[in-house]
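For the sequence shown, numbering that gives the first Met the number 0 gives the first residue as 0, with consecutive numbering after it. Idealized CB from N, CA, C, for every residue including glycine. Keep in mind that this is a model prediction, so the values were computed, not measured.
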Amino acid sequence: MQPSVSADRPPAGHPEGVPSGRVGRAEWGLLTDEADWSVELYRILGLDPSVPALTLDELPALVHEEDRPRLTAMVTGCLVDARPIDGEFRVRRPDDSVRTVHMRGEPVLGTDGDAVSMWALIRDVSELAPRGRSSSTTPEPPARRPPLQAPPGLDLAAHHTAGAPPLTAAAGWWDVLELPGGTTLLSLGDLTGPDPATLLGAVHGLALAGIPPAQLLAILDQLKTTTSLRHAVCCRYEPQNRNFTWAGSGRPVPLLFRDGAGRRLTAPDDPPPGAGSPYGQAELTLRPHDVIVLHTERLSEPDVARLLGLGPRLRTARTARECVRLLAGEPAAGQHGDACLLVARVSG
């Protein structure tokens, strides 16, 4: 199979420079020598997205001479001993500039236990630490990032009820990311582990590479990081046609409030054979003034039923923040410790 790019080229006029912190995605097939890169990875490495992605044998040509042994050791340990990749090295771009990147990845094993491909997320960390840093740790952003900035076509608000410290279980988490073309990624779930930065960077990198919600969740399952996102809901909203696409890795499903009535969205069917993801994906067309509510797993069935009963009152709400006030005022929304609600109201 010819090496390929997994997303369209960046819009014309996009700046050549790569902001530190951007994340690209790559997969290398070991049986066919196939390489698949996201456009964001091309940008990080300063390469033209129209040329074939580099194979694993070709990749060291971009790496600083002093760091090539480190990259070789990481890749060898991943493919031979099935050890996750987690480390940094410098790359020399065609314009002769040098960037430091953090690579995190793992092998994908076949039925015989041997590696058949390798996934990796590559993040530009050039400005995150002094030159020459060899540690793989990076600063950790907050798991929640208020205040929300309203993307095109949506009015957003969130509510978080923190659990009593110390937190011994998963913490409720939500995130919003505006994608090229005005599309918005909404995600929510229970975050476990000490390193949210890597996981959130993976979510953003995969979304920016054009990965749809179901496949995004599947890739996150494959990444063996110290932090995991469980009982997650991942959604993508396109304002041009009000198309809402979503997938989930746990019990919670989005709630839809329309014309004074609330209902659970129908869970996606199992994926068709060859879909490349264990998760199904569902789509629907939203209407002006529709309200979508994402919630964490801690809300019980009776709790959700009580929230759905607020449909007539939500119909009179004019903003997402008003919707949050109504929902958060219901005891069901705040009595289970670390819980989150994310409300998206479609603009009229």
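From the options, pick the residue whose C-alpha is nearest to that of residue i; which is it?
{"i": "T318", "options": "E39, A34, P251 and V345", "result": "V345"}
{"i": "G200", "options": "A72, R42, R103 and V292", "result": "R103"}
{"i": "L341", "options": "G347, L293, T315 and V90", "result": "L293"}
{"i": "G310", "options": "S96, G261, E65 and L187", "result": "G261"}
{"i": "L44", "options": "E64, A81, R89 and A327", "result": "R89"}
{"i": "D302", "options": "L283, L313, L254 and Q280", "result": "L254"}
{"i": "A114", "options": "D32, T315, G188 and A52", "result": "D32"}
{"i": "R257", "options": "T284, A25 and R42", "result": "T284"}
{"i": "R250", "options": "C233, F243 and T182", "result": "C233"}
{"i": "Y41", "options": "G28, T75 and L120", "result": "L120"}
{"i": "P83", "options": "A231, L307, H101 and D289", "result": "H101"}
{"i": "T315", "options": "L29, G328, E300 and V290", "result": "V290"}
{"i": "A343", "options": "H203, V38, C77 and Y236", "result": "Y236"}
{"i": "E321", "options": "V79, E105 and L155", "result": "L155"}
{"i": "S96", "options": "V74, P211 and D123", "result": "D123"}
{"i": "T182", "options": "G188, V50, H203 and P238", "result": "P238"}
{"i": "E65", "options": "L78, P48 and E87", "result": "E87"}
{"i": "Q221", "options": "L78, E105 and T244", "result": "E105"}
{"i": "L178", "options": "L187, A72, H159 and L205", "result": "L205"}
Along the chain, where does the beta strand (DSSP E) that runs through residue i open and close?
{"i": "C213", "result": "Note that residue 213 is Ala in the sequence shown, not Cys. Where A213 is concerned, there is no enclosing beta strand (DSSP E), although the alpha helix (DSSP H) it sits in stretches over P212 to Q221."}
{"i": "G261", "result": "A260 to R263"}
{"i": "T99", "result": "V97 to L108"}
{"i": "T284", "result": "A281 to T284"}
{"i": "L29", "result": "Where L29 is concerned, there is no enclosing beta strand (DSSP E), given that its DSSP letter is neither H nor E."}
{"i": "N242", "result": "N242 to G247"}
{"i": "V90", "result": "I84 to R91"}
{"i": "R257", "result": "L254 to R257"}
Grouping DSSP H, G and I as helix and E and B as strand, with all else coil, what is residue i?
{"i": "H203", "result": "helix"}
{"i": "P68", "result": "helix"}
{"i": "T182", "result": "coil"}
{"i": "V364", "result": "Since the first residue of the chain shown is 0 and the last is 347, residue 364 is not available in this structure."}
{"i": "V232", "result": "strand"}
{"i": "T167", "result": "Below a pLDDT of 50, predicted positions are generally treated as unreliable, and T167, at 39, falls in that range; no measurement from the model is reported."}
{"i": "V38", "result": "helix"}
{"i": "E57", "result": "coil"}
{"i": "E321", "result": "helix"}
{"i": "R21", "result": "coil"}
{"i": "P9", "result": "Residue placement at P9 cannot be trusted, given a pLDDT of 30 that sits under 50; what the coordinates show is reported in the next sentence. Residue state, collapsed to three classes: coil."}
{"i": "G152", "result": "coil"}
{"i": "V79", "result": "helix"}
{"i": "V50", "result": "coil"}
{"i": "V124", "result": "coil"}
{"i": "V345", "result": "strand"}
{"i": "R62", "result": "Position check: residue 62 holds Val in this sequence, whereas Arg was assumed. Reduced to three states, the DSSP call for V62 is strand."}
{"i": "R130", "result": "Caution applies to R130, whose pLDDT of 35 falls short of 50 and renders its modelled position unreliable; the value that the coordinates give is listed next. DSSP places R130 in coil when its eight states are reduced to three."}
Tell me which residue opens and which closes the alpha helix (DSSP H) that residue i is part of.
{"i": "G328", "result": "Element bounds for G328: n/a, residue is neither H nor E."}
{"i": "P302", "result": "The displayed chain sequence assigns Asp, not Pro, to residue 302. Run containing D302: E300 to L307, per the alpha helix (DSSP H) assignment."}
{"i": "P311", "result": "G310 to R314"}
To the nearest angstrom, report how far apart residue i and residue j are at their CA atoms.
{"i": "L298", "j": "N240", "result": "31 Å"}
{"i": "L190", "j": "L228", "result": "5 Å"}
{"i": "G209", "j": "L184", "result": "11 Å"}
{"i": "G347", "j": "R286", "result": "8 Å"}
{"i": "E57", "j": "Q214", "result": "27 Å"}
{"i": "Q1", "j": "V107", "result": "For Q1, the predicted structure reports a pLDDT of 32, less than 50, and the residue's modelled location is therefore unreliable. A value from the coordinates is still provided. Each residue's Cα considered, the two are about 20 Å apart."}
{"i": "D35", "j": "M117", "result": "10 Å"}
{"i": "L207", "j": "R324", "result": "32 Å"}
{"i": "P277", "j": "A217", "result": "7 Å"}
{"i": "L46", "j": "L70", "result": "19 Å"}
{"i": "V62", "j": "L55", "result": "12 Å"}
{"i": "R305", "j": "V22", "result": "40 Å"}
{"i": "L326", "j": "G247", "result": "22 Å"}
{"i": "L219", "j": "L198", "result": "8 Å"}
{"i": "D94", "j": "A60", "result": "14 Å"}
{"i": "T99", "j": "D85", "result": "14 Å"}
{"i": "G180", "j": "P151", "result": "10 Å"}
{"i": "T295", "j": "R24", "result": "28 Å"}
{"i": "A81", "j": "G28", "result": "15 Å"}
{"i": "L53", "j": "W172", "result": "36 Å"}
{"i": "L30", "j": "G76", "result": "18 Å"}
{"i": "A157", "j": "E39", "result": "29 Å"}
{"i": "L245", "j": "P48", "result": "Sequence check: residue 245 is Trp here, not Leu. Rounded to whole angstroms, W245 to P48 spans 28 Å at the Cα level."}
{"i": "V175", "j": "A281", "result": "19 Å"}
Taking 7 Å as the threshold (beta carbon to beta carbon), is residue i in contact with chain C?
{"i": "T244", "result": "Protein chains in the displayed structure number just one, and chain C is not present."}
Flag residue i as yes when its Cβ comes closer than 6 Å to any non-hydrogen atom of the ligand NAD, and as no otherwise.
{"i": "A327", "result": "In the structure on display, the ligand NAD does not appear, and there are no ligands present to speak of."}
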